[in-house]
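Please read the structure below before turning to the comments.
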Amino acid sequence: MRSAASPGNFTTPLLRYSAEGRNSRLAQPRKLMVMSALEVENLRISYGDFEAVRGISFSAQGGTVTSLVGPNGAGKTSTLEACTDIRPITSGVIRVLGMSPGESSSRVGTMLQSGGLYPTSRPLEWLTYLSRLYPSGRNPRELLDLVGIDPASRTTTRRMSGGEQQRLKFAAALLPRPELLFLDEPTAGMDPQARRNLIDVIGDLRSAGVAVVLTTHVLADIEELADHIIVLRHGVIERSGTLAELRGEGSSLSFDARAGLDVADMMRALPAGYLVVEAGSGSYVVEGEPTPVALAAITSWLADHDEATTGIRVGRMSLEDLIIGDAS
Amino acid sequence: MKPTLAHAFWELRLTLRNGEQLLLTLIIPLALLIGICATGVLSSSDGLSRVEQAYPMVCMVSLIATCFTSLAIGTGFERRSGALTFLATTPLGRQGLVLGKVIATVMLAAISIVLVTVTAVILGWRPSIAALWALPILLIAGIAFATWALVIASVFRAEAVLAIANALFLVLVVVGGASARSSSNSAGVLVELVPSAALADALRSSLGVGSAPCWPTLAILAVWAIVGYALARSRFRWQ
Chain L
18 MRSAASPGNF
28 TTPLLRYSAE
38 GRNSRLAQPR
48 KLMVMSALEV
58 ENLRISYGDF
68 EAVRGISFSA
78 QGGTVTSLVG
88 PNGAGKTSTL
98 EACTDIRPIT
108 SGVIRVLGMS
118 PGESSSRVGT
128 MLQSGGLYPT
138 SRPLEWLTYL
148 SRLYPSGRNP
158 RELLDLVGID
168 PASRTTTRRM
178 SGGEQQRLKF
188 AAALLPRPEL
198 LFLDEPTAGM
208 DPQARRNLID
218 VIGDLRSAGV
228 AVVLTTHVLA
238 DIEELADHII
248 VLRHGVIERS
258 GTLAELRGEG
268 SSLSFDARAG
278 LDVADMMRAL
288 PAGYLVVEAG
298 SGSYVVEGEP
308 TPVALAAITS
318 WLADHDEATT
328 GIRVGRMSLE
338 DLIIGDAS
Chain D
13 MKPTLAHAFW
23 ELRLTLRNGE
33 QLLLTLIIPL
43 ALLIGICATG
53 VLSSSDGLSR
63 VEQAYPMVCM
73 VSLIATCFTS
83 LAIGTGFERR
93 SGALTFLATT
103 PLGRQGLVLG
113 KVIATVMLAA
123 ISIVLVTVTA
133 VILGWRPSIA
143 ALWALPILLI
153 AGIAFATWAL
163 VIASVFRAEA
173 VLAIANALFL
183 VLVVVGGASA
193 RSSSNSAGVL
203 VELVPSAALA
213 DALRSSLGVG
223 SAPCWPTLAI
233 LAVWAIVGYA
243 LARSRFRWQ
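Chains L and D supply the protein sequences, listed in that same order. Count the first sequence with this note's numbering and you get residues 18 to 345, in order. Count the second sequence with this note's numbering and you get residues 13 to 251, in order.
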């Protein structure tokens, strides 16, 4: 069933980008690198006086899944809408497959968060109509099989469940054989089986070289899919990196002891790169990855100096706190 | 052009399958024509037969139902469902979407008016050479009504669009119908400024009396079309 998403069905973006890169080399000697599927530079989006996106820059590469995460109102959907040319931007530059967002629409698939379906249409006729809009659209029946909707179904969109509508929207996003796929909360409302299937299909697309940019509130989605995570808050990028990098950032080691310890001496006992700070009176924070070696160095230093500790904590800020929760 | 035509047929297909829109755009005009001719509720004035009186008026009803009410309601709900937004991300794009909508509306209006015309011929209506005037009249009026439909669909919520478009349909048809019954009414000067009245007057000349329409009616329709076009360009919203 998943054979429809095999690599053979997709042009390898790298080949095409490098060819374009060669052409643009004459005009822009700096750009010798392979072009990103999506490049966003200093993007700003305002709604009246309210600035929803305040100068963000990021890029997404073919064969990777980039996940925009953050609380409601962080600017995720506005950013995706700007990338698909349906949201006017205040300033900044967006390049989609090396072009402006409006020019690349035949090679880009989009799944919007709200709506995007005709309430009175049936699944197969909707995809059949959409396939006429693209120069080489995929077979609608195959796509419905792929997302688990019966092609013979005569149920109209408005009578379908939320999860079924999501699956139909996902199928519509795959129709153009996209090189770049924008998915705004793709797993919302899906049952576990449908979500599993969606994640498998996205994995196949990634293997085939497709660049996937998605938003999600589901931590499991991020853990299973995201190669690169961009945390947005109040319209700015609060942090970004791989899952492991973000986890590293959120780790901490702290302990309580007598006030006024010689932290400079303590740091000499630790491996290079660690910083010990007396954050409050008698409350110490060790900045750096809380490895067993670091923990052992602290406890042995305390033992050597005959200092009692009233509490020692190795904490890892949960992914949830890091991404969804309030920044402390 | 292929995506644009695909979109036009897609819209037409959904409209003709929707019971309420089918009733409004095809069944009501036909029922009006047959009803008026059968019962003779319009008192015959200046020597016109029943069908010569009824047919131009029903053409007006067809045009308003298809180009105004049906278009406004359909577009209002498309905006709410987010379908237009999604289609704007496809190669159809905004221009293709608008052009496809125009073609779909023209096809729907043509279907409705052809059905009405065939019925009128069966009921005894015979065209004169002045009937050719009906084409430019319907074209200008169609642009006027369609652009205003898009403006209303863009400014209001879908439910409000439904109510406004239906209410205006009744008002327009009543005003147009009243003015068409007596073209030489001295108090009718202001009424003539209403687009349906101007349309009814022009169609009555062309299709009923068999003469060229008087130019003020065309001018009034043209002004409505130009203002509607300008407003639609600045006010049309996808979401």
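Ideal placement from N, C-alpha and C gives every residue a C-beta, glycine not left out. Keep in mind the model is a prediction, meaning the values are calculated, not measured.
TODO: Have a look at L/S41 and D/L109 and give me their C-alpha separation to the nearest angstrom.
DONE: In the first sequence, residue 41 of chain L corresponds to position 24, counting from 1. In the second sequence, residue 109 of chain D corresponds to position 97, counting from 1. For L/S41, the predicted structure reports a pLDDT of 39, less than 50, and the residue's modelled location is therefore unreliable. A value from the coordinates is still provided. Taking the straight line from one Cα to the other gives about 33 Å.
Task: 7 Å Cβ cut-off: residues of chain L touching D/A95 - done: The residue labelled residue 95 of chain D in the question sits at position 83 within the second sequence. What D/A95 touches in chain L, judged by beta-carbon distance under 7 Å, is G132, G133, L134, Y135, going in chain order.
Open item on the list: So for L/T173, helix, strand or coil by DSSP?
Closed with: Looking up residue 173 of chain L in the first sequence gives position 156. If DSSP states are grouped into helix, strand and coil, L/T173 belongs with coil.
- [ ] Give every residue of the same chain whose Cβ lies closer than 6 Å to the Cβ of D/V63, excluding the five residues on either side of it in the sequence, and list them in chain order.
- [x] On the second sequence, residue 63 of chain D is found 51 positions in, with the first residue counted as 1. If we look at D/V63 and ignore the five residues flanking it on each side, its Cβ neighbours are C49, A132, L135, G136, W137.
Task: 8 Å Cβ cutoff met for D/C71 and D/G154 - done: If you number the second sequence from 1, residue 71 of chain D lands on position 59. If you number the second sequence from 1, residue 154 of chain D lands on position 142. No; because the gap between Cβ atoms is not below 8 Å, this pair is not in contact.
Open item on the list: I want to know whether the region 73 to 86 of chain L touches the region 238 to 246 of chain L - three or more CB-CB distances under 8 Å.
Closed with: yes
- [ ] Anything in chain L within Cβ reach of D/N30, meaning under 8 Å, just list it in chain order.
- [x] For the purposes of this step, residue 30 of chain D is taken as the residue at position 18 of the second sequence. Per Cβ cutoff of 8 Å: T137.
Task: Closer than 8 Å to chain D by CB, L/S170 - done: Here residue 170 of chain L is taken as the residue at index 153 of the first sequence, counted from 1. No, its Cβ sits nowhere closer than 8 Å to a Cβ of chain D.
TODO: Taking L/M128 as part of the alpha helix (DSSP H), name the residues at either end of that continuous run.
DONE: Along the first sequence, one-based indexing puts residue 128 of chain L at 111. L/M128 -> not in any alpha helix (DSSP H); beta strand (DSSP E) instead, spanning 125 to 128.
Task: Beta-carbon proximity of D/H19 to D/G105, cut-off 8 Å - done: Residue mapping note: residue 19 of chain D aligns to position 7 of the second sequence, counting from 1. Residue mapping note: residue 105 of chain D aligns to position 93 of the second sequence, counting from 1. Contact flag unset, no.
- [ ] Pair every Cβ in the region 197 to 208 of chain L with every Cβ in the region 220 to 235 of chain L, then say whether three or more of these pairs are closer than 8 Å.
- [x] The region 197 to 208 of chain L makes contact with the region 220 to 235 of chain L: 3 or more CB pairs, one atom from each, lie closer than 8 Å.
TODO: Return the CA-CA distance between D/L26 and L/S138, expressed in angstroms with no decimal places.
DONE: On the second sequence, residue 26 of chain D is found 14 positions in, with the first residue counted as 1. On the first sequence, residue 138 of chain L is found 121 positions in, with the first residue counted as 1. Distance between the alpha carbons of D/L26 and L/S138: 7 Å.
Task: Per-residue DSSP class, three states only, for L/D201 - done: As a first step, residue 201 of chain L must be located in the first sequence, where it is residue number 184. Looking at L/D201 - three-state DSSP - the assignment turns out to be strand.
Task: Segment limits, beta strand (DSSP E) that includes L/E56 - done: Reading the first sequence from its first residue, position 39 is the one you call residue 56 of chain L. Residues 55 to 64.
TODO: Could you tell me which chain L residues have their CB closer than 9 Å to the CB of D/G105, listed as they occur along the chain?
DONE: Taking the second sequence and counting its residues from 1, one reaches residue 105 of chain D at position 93. Correct list: D102, G119, S122.
TODO: Measure from the C-beta of L/T259 to each C-beta in chain D and report whether the shortest distance is under 8 Å.
DONE: As a first step, residue 259 of chain L is located in the first sequence; it is residue number 242 there, counting from the start. Judged by the 8 Å Cβ criterion, L/T259 is not in contact with chain D.
- [ ] May I have the straight-line CA-CA distance separating D/L44 from L/G126, to the nearest angstrom?
- [x] Here residue 44 of chain D refers to the residue found at position 32 when the second sequence is read from its first residue. Here residue 126 of chain L refers to the residue found at position 109 when the first sequence is read from its first residue. Distance between the alpha carbons of D/L44 and L/G126: 47 Å.
TODO: State yes or no: is the beta carbon of L/L60 nearer than 8 Å to at least one beta carbon in chain D?
DONE: For the purposes of this step, residue 60 of chain L is identified with residue 43 of the first sequence, where counting begins at 1. It does not: the Cβ of L/L60 has no partner Cβ on chain D nearer than 8 Å.
Task: Proximity winner among D/T101, D/A172, D/L120, D/A158, relative to L/S123 (alpha-carbon distances) - done: Counted from its first residue, the first sequence places residue 123 of chain L at position 106. Closest option to L/S123, Cα to Cα, is D/T101.
Task: 8 Å contact criterion, which L/G226 and L/S269 should meet: CB distance rounded - done: Looking up residue 226 of chain L in the first sequence gives position 209. Looking up residue 269 of chain L in the first sequence gives position 252. With a Cβ gap of about 38 Å, L/G226 and L/S269 do not count as contacting.
- [ ] Determine, using beta carbons only, whether L/L312 comes closer than 8 Å to chain D.
- [x] Mapped onto the first sequence, residue 312 of chain L falls at position 295. No - not a single Cβ of chain D is within 8 Å of the one on L/L312.
Task: Beta-carbon neighbours of D/T101, restricted to chain L and to distances below 7 Å - done: Position 89 of the second sequence, counted from the start, is the residue given in the question as residue 101 of chain D. By Cβ distance, chain L contributes T101, D102, I103, S122, T127.
Open item on the list: Please report the distance separating the alpha-carbon of L/V70 from that of L/S117.
Closed with: Along the first sequence, one-based indexing puts residue 70 of chain L at 53. Along the first sequence, one-based indexing puts residue 117 of chain L at 100. Take the alpha-carbon of L/V70 and the one of L/S117: they are about 19 Å apart.
Task: Straight-line Cα distance separating L/K186 from L/L319 - done: As a working note, residue 319 of chain L is residue 302 in the first sequence. As a working note, residue 186 of chain L is residue 169 in the first sequence. Rounded to whole angstroms, L/L319 to L/K186 spans 60 Å at the Cα level.
- [ ] Name, in chain order, the residues that DSSP records as bridge partners for L/Y301.
- [x] As a first step, residue 301 of chain L must be located in the first sequence, where it is residue number 284. Paired residues: L/F272, L/E295.
Open item on the list: Using 8 Å for Cβ pairs, my map puts L/I103 next to D/T97. What's the rounded Cβ distance?
Closed with: As a working note, residue 103 of chain L is residue 86 in the first sequence. As a working note, residue 97 of chain D is residue 85 in the second sequence. Confirmed, about 5 Å.
Task: Own chain residues within Cβ distance below 8 Å of D/A212, not counting five before or after - done: What you label residue 212 of chain D is simply residue 200 of the second sequence in a count that begins at 1. Here the set comprises P68, M69, M72, G188, G189, S191, A192.
TODO: With 8 Å as the threshold, decide whether the Cβ of L/Y64 is near any Cβ in chain D.
DONE: In the first sequence, residue 64 of chain L corresponds to position 47, counting from 1. No, its Cβ sits nowhere closer than 8 Å to a Cβ of chain D.
TODO: Could you name the residues of the same chain whose beta carbon sits closer than 7 Å to that of L/E337, not counting the 5 residues immediately before and after it, in chain order?
DONE: By 1-based counting over the first sequence, the position of residue 337 of chain L is 320. Within the same chain, L/E337 has close Cβ partners L236.
TODO: Leaving out five residues on either side along the sequence, give the residues of the same chain with a beta carbon under 8 Å from the beta carbon of L/T174.
DONE: Residue 174 of chain L sits at position 157 when you count from the first residue of the first sequence. Taken in chain order, the residues that qualify are L134, Y135, P136, T137, S138, R139, P140, W143, Q182, L185.
Open item on the list: Quick check on the burial criterion: 16 or more other C-beta atoms within 10 angstroms. Buried or exposed for D/L202?
Closed with: Within the second sequence, the letter at position 190 stands for residue 202 of chain D. Classification of D/L202: exposed, given that the 10 Å Cβ count is below 16.
Open item on the list: Which residue wins for smallest C-alpha separation from D/I141, given the options D/S217, D/A234, D/G47, D/T81?
Closed with: Working through the second sequence from its first residue, we reach residue 141 of chain D at position 129. D/I141 has its Cα closest to that of D/S217, out of D/S217, D/A234, D/G47, D/T81.
TODO: Report the neighbours of D/A18 on chain A: residues whose CB is nearer than 7 Å to its CB, in chain order.
DONE: Looking for chain A here will not work: the only protein chains present are L and D.
TODO: Check D/H19 in the structure and name its three-state DSSP category.
DONE: Counting from one through the second sequence, the residue named residue 19 of chain D turns up at place 7. DSSP, read as helix, strand or coil, puts D/H19 in helix.
- [ ] Assuming D/S124 and D/A66 form a contact by the criterion Cβ under 8 Å, report the distance between their Cβ atoms to the nearest whole angstrom.
- [x] For the purposes of this step, residue 124 of chain D is taken as the residue at position 112 of the second sequence. For the purposes of this step, residue 66 of chain D is taken as the residue at position 54 of the second sequence. Not quite, the Cβ-Cβ distance comes to about 15 Å (not below 8 Å), so this is no contact.
Task: Under 7 Å from the C-beta of D/K14: neighbouring residues of chain L - done: Looking up residue 14 of chain D in the second sequence gives position 2. Those within 7 Å of D/K14 in chain L are R149.
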